[in-house]
Amino acid sequence: MSRIRTRGGRAAAALLAAALLAVPPALAGEAGGEGVAVTLLLHQKMPNVPGKTMTVVAVDYQPGGFSAAHRHPDSGMVFAYAVSGAIRSQVEGEAERVYRAGESWVEPPGAHHVVSANASASEPARLIA
833 MSRIRTRGGR AAAALLAAAL LAVPPALAGE AGGEGVAVTL LLHQKMPNVP GKTMTVVAVD
893 YQPGGFSAAH RHPDSGMVFA YAVSGAIRSQ VEGEAERVYR AGESWVEPPG AHHVVSANAS
953 ASEPARLIA
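According to the working numbering, the sequence shown is numbered sequentially starting from 833.
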């Protein structure tokens, strides 16, 4: 995963506008795991890229919450932004990392996401992808 430090809302908005195929809409609200809720924020066809859509979700973790291991689609990259709290994340073959509010990262197409969790046992965390 690549770590990108952002400052201000414009960088976050640009990052989110570029999110392709983060989570298929059918999976929104069905993340698996414990203490996690996935909310579909946007699902729209991309008129300049035939056959592609832009999907943006909010992932809210309760303290100690986590998502079940999952695989991302082969058809697009995942761009994520930590809105609040701290997120533990690991893609298979890479080291586990902690992303704090204001940080963003990229996951490659087809990534096997083995860890996605709130890094805190006492505070909630939120990411947008």
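The beta-carbon is built from N, C-alpha and C at its ideal position, and this holds for glycine as well.
Being a predicted model, the structure only gives us computed values, none of them experimental.
{"Asked": "Report the option in Gly867, Glu866, Val868, Leu959 whose CA atom is closest to the CA atom of Ser916.", "Found": "Leu959"}
{"Asked": "So does the region 911 to 927 actually touch the region 944 to 951, counting three or more Cβ pairs closer than 8 angstroms?", "Found": "yes"}
{"Asked": "Please return the same chain residues whose Cβ sits closer than 6 angstroms to the Cβ of Val868, not counting the five positions on each side in sequence.", "Found": "Tyr893, Gly897, Ser899"}
{"Asked": "Quick check on this structure: which residue in Ala901, Gly865, Thr887 has the alpha carbon closest to the alpha carbon of Val910?", "Found": "Thr887"}
{"Asked": "Which residue or residues does DSSP assign as beta-bridge partners of Ser921?", "Found": "Arg929, Ser948"}
{"Asked": "Using a threshold of 8 angstroms, state whether the C-beta atoms of Val889 and Ala957 are closer than that.", "Found": "no"}
{"Asked": "According to the Cβ coordinates, are Glu935 and Ala914 closer than 8 angstroms?", "Found": "yes"}
{"Asked": "Report all residues from its chain with a CB closer than 7 angstroms to the CB of Gln876; omit the five preceding and five following residues, and keep chain order.", "Found": "Thr885, Met886"}
{"Asked": "Between the C-alpha atoms of Pro940 and Ala933, what's the straight-line distance to the nearest angstrom?", "Found": "21 angstroms"}
{"Asked": "Buried or exposed, going by whether 16 or more other CB atoms sit within 10 Å of the CB of Val797?", "Found": "The requested residue 797 does not occur in the structure, where the chain is confined to residues 833 to 961."}
{"Asked": "So, for Gly840: in the same chain, excluding its five sequence neighbours on each side, which residues have a beta-carbon less than 6 angstroms away from its beta-carbon?", "Found": "The predicted model places Gly840 with a pLDDT of 47, which falls under 50 and marks its position as unreliable; any figure quoted below should be read in that light. None."}
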